[in-house]
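All residue numbers for the sequence shown refer to the numbering used here, where the first residue is 2 and numbers rise by one. Glycine residues also receive a C-beta, built at the ideal position from the N, C-alpha and C atoms. Predicted, not measured: the structure shown is a model, and the values here were computed from it. In what follows, a single structure is set out as structure tokens and then discussed.
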Amino acid sequence: MHRSSCIAAATLLVLAVGTPARAQTDATVAGLIAGQGAGDINDTKGKYAVHGTDLGFMWRDSRGRVALMFGDTYGEGWGHNGAGPASADWRMNVLAFSTDTTLSDGLTIDSMVTDRPNHAKQLIGRWLPRIFEETVIPTAGVSVGGRDYVHYMSIRSWDPWITNYAGLAYSDDGGQNWVKSTTAWWPNSGVLSNFQLGAFVRDSGYVYLFGTPNGRFGNAHLLRVPEARVLDVPSYEYWTAAGWQRSADGAIPVMSGQVGELSVQYNAFLGKWVAMHLDEQRTAIVMRTASSLTGPWTGGEVVAHGRDHPGLYGGFQHPDSGADLYFAMSEWQPYHVQLMKLPLAGRGMDQNLAQNGGFEDWPGTWRFNGQGGVDLGKDLAHSGRNNGWVRGTSGWHDMHEQIVVQPGLRYRITGWVRSSESNTDGYFGVRAGNRVVAEQKFGSYHDYTRLSVEFVADTPSLDVYAGMWAVHGDTWVQVDDVALEVV
């Protein structure tokens, strides 16, 4: 895919960094893809014995169709309450195909890979007796020439979520049969543990793989390999502080966590790369954008929230998304996959590289030393409904959030702060562990005041913080609208 040839003209409202974002329209349900529930146009229960399933990541397959691969799938005897029981015709994964180009009324499945009439076939199984595997879950797909590749994870346990390894499987017959590669795999140890869940992108002669650790809480890393060498691990290059290198030891994150069930593709309407994933702390599917696969990536704005879709996860983009972005979203109860529609035309695109800088989604990725929290709807915010706070009578108190940056680039971090009359030792800045990279000292601010700190990143991961030493008795600081940008 050549990005420059498919950028559509579009008029977009772009929000400047640090500008409070206006209310956005969340994604809406376009129809049920698989499983049971309202809006079912595919009858996967009757046609393929798919009563409950999840995931549904999509890619343009080797036959030109949209392939949809699902995770743990259940048939007769399924209990309408999440995954299981295993006795309910359990299959670890199944595969469907679609040629539907009109998605506004839902996504029509043309067929599924079957092993007998009206029964979807399990495609990638365990690798017994070498190791114990609870299940085998596919996480991403891509095609090169006449071959389809799937990234999958071998689950050792769900509670806690631990993988044995991740690997690649491939099909040369249009997805009917799959072979696990014995060379392309990543053990769940050391730096390679960062590639246990994946998201594929094919661009300019390379296949890129975004990887995250097992679970839904880690940063995303990035590797690439020439299209003709997808199964040749020595040909892999990892994104490092010095650019692309063969050793995974120097790999640095390109996207700050929490990243769960990641999906990345180029959106011609926006003229940007779009990433979607679950942020479990915000209980939401978020959308992030970047001009380059290596970033910098925006911090993520909510497009579907758990309060509207309880038990949501996933967020896998349809290959034909444009001005309307379509994605598959799972819901735990009921255990099914919905097609979601997100209109992009006229949508304000937040360029903030920090996550949840306005504290609007809570709980979130902010952490606290000493006494602190979030004022929820107390009319104390600089903008929106919420703001962060710390308060104490002695000692150090701060709020902090991890940010992923590119070493060597200059950044500006801004925030709006107000504080009690007793505050004389407030600090706003960035640090690496206990080492201060850059900070601004502040005192008492009766009204919210904008603070700004510039710095050159010398490490790929930093904490932005705001805090104070309480040295004059009861002291407090309130913070809102924290924003990060490249200068």
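Candidates the options, of which the one nearest residue i by Cα
i           : options               : result
residue 438 : 462, 450 and 421      : 462
residue 260 : 117, 442 and 216      : 216
residue 198 : 140, 173 and 224      : 140
residue 190 : 365, 163, 297 and 290 : 163
residue 448 : 384, 465 and 204      : 384
residue 80  : 171, 335 and 226      : 335
residue 488 : 432, 430 and 414      : 414
residue 409 : 457, 433 and 60       : 457
residue 420 : 446, 86, 426 and 201  : 446
residue 290 : 324, 337 and 353      : 353
residue 106 : 236, 31, 475 and 194  : 31
residue 212 : 201, 205 and 33       : 201
residue 440 : 460, 424, 372 and 467 : 467
residue 282 : 228, 134, 218 and 209 : 218
residue 326 : 378, 206 and 267      : 267
residue 109 : 155, 297 and 41       : 41
residue 195 : 263, 206, 147 and 128 : 263
residue 316 : 45, 44 and 59         : 59
Nearest-angstrom Cβ-Cβ length linking residue i and residue j, presumed shorter than 8 angstroms
i           : j           : result
residue 470 : residue 397 : 6 angstroms
residue 28  : residue 343 : 4 angstroms
residue 38  : residue 329 : At roughly 14 angstroms, the Cβ-Cβ gap does not stay under 8 angstroms, so residue 38 and residue 329 are not in contact.
residue 255 : residue 318 : About 18 angstroms separates the two Cβ atoms, so there is no contact after all.
residue 338 : residue 34  : 5 angstroms
residue 444 : residue 427 : 7 angstroms
residue 93  : residue 126 : 6 angstroms
Nonlocal neighbours in the same chain, by C-beta distance under 8 angstroms from residue i, ignoring five residues either side
i           : result
residue 115 : 49, 121 and 122
residue 62  : 68, 98, 142, 144, 149, 175 and 176
residue 251 : 239, 241, 242 and 243
residue 367 : 357, 360, 375, 389, 400, 401 and 402
residue 159 : 135
Residue i - containing beta strand (DSSP E), residue span
i           : result
residue 184 : 180-188
residue 213 : 207-213
residue 150 : 148-159
residue 442 : 436-443
residue 57  : 56-61
residue 290 : 285-291
residue 342 : 337-344
residue 419 : 411-420
residue 481 : 476-487
residue 34  : 29-35
residue 165 : 162-172
Identified DSSP bridge partners for residue i
i           : result
residue 110 : The partner list for residue 110 (beta bridge, DSSP) is empty, contrary to what the question assumes.
residue 273 : 268
residue 203 : 208
residue 222 : 212
residue 133 : Bridge partners of residue 133: none, in fact.
residue 383 : According to DSSP, residue 383 bridges with nothing at all.
residue 227 : 207
residue 279 : 261 and 286
residue 395 : Paired residues: none, contrary to the question.
residue 139 : 153
residue 313 : 332
Bounding residues of the alpha helix (DSSP H) (the contiguous stretch that carries residue i)
i           : result
residue 327 : Counting along the chain, residue 327 falls outside any alpha helix (DSSP H), though it belongs to the beta strand (DSSP E) covering 325-332.
residue 45  : 45-49
Residues of its chain near residue i, where Cβ-Cβ distance is below 6 angstroms and the 5 sequence neighbours each way are ignored
i           : result
residue 464 : 401, 403 and 432
residue 284 : 307
residue 96  : 70, 114, 124 and 176
residue 186 : 166 and 168
residue 53  : 36, 75, 79 and 336
residue 370 : 399
residue 296 : 255
residue 298 : 256, 289 and 291
residue 372 : 392, 393 and 398
Residues near residue i by beta carbon distance below 7 angstroms, same chain, minus five either side
i           : result
residue 7   : Here the model assigns residue 7 a pLDDT of 33, short of 50, so the residue's position is not dependable and the matter cannot be decided.
residue 460 : 408 and 433
residue 473 : 423 and 425
residue 24  : Bear in mind that a pLDDT of 49 at residue 24, under 50, signals an unreliable position, so the model cannot answer this.
residue 111 : 98, 99 and 100
residue 83  : 333, 334 and 336
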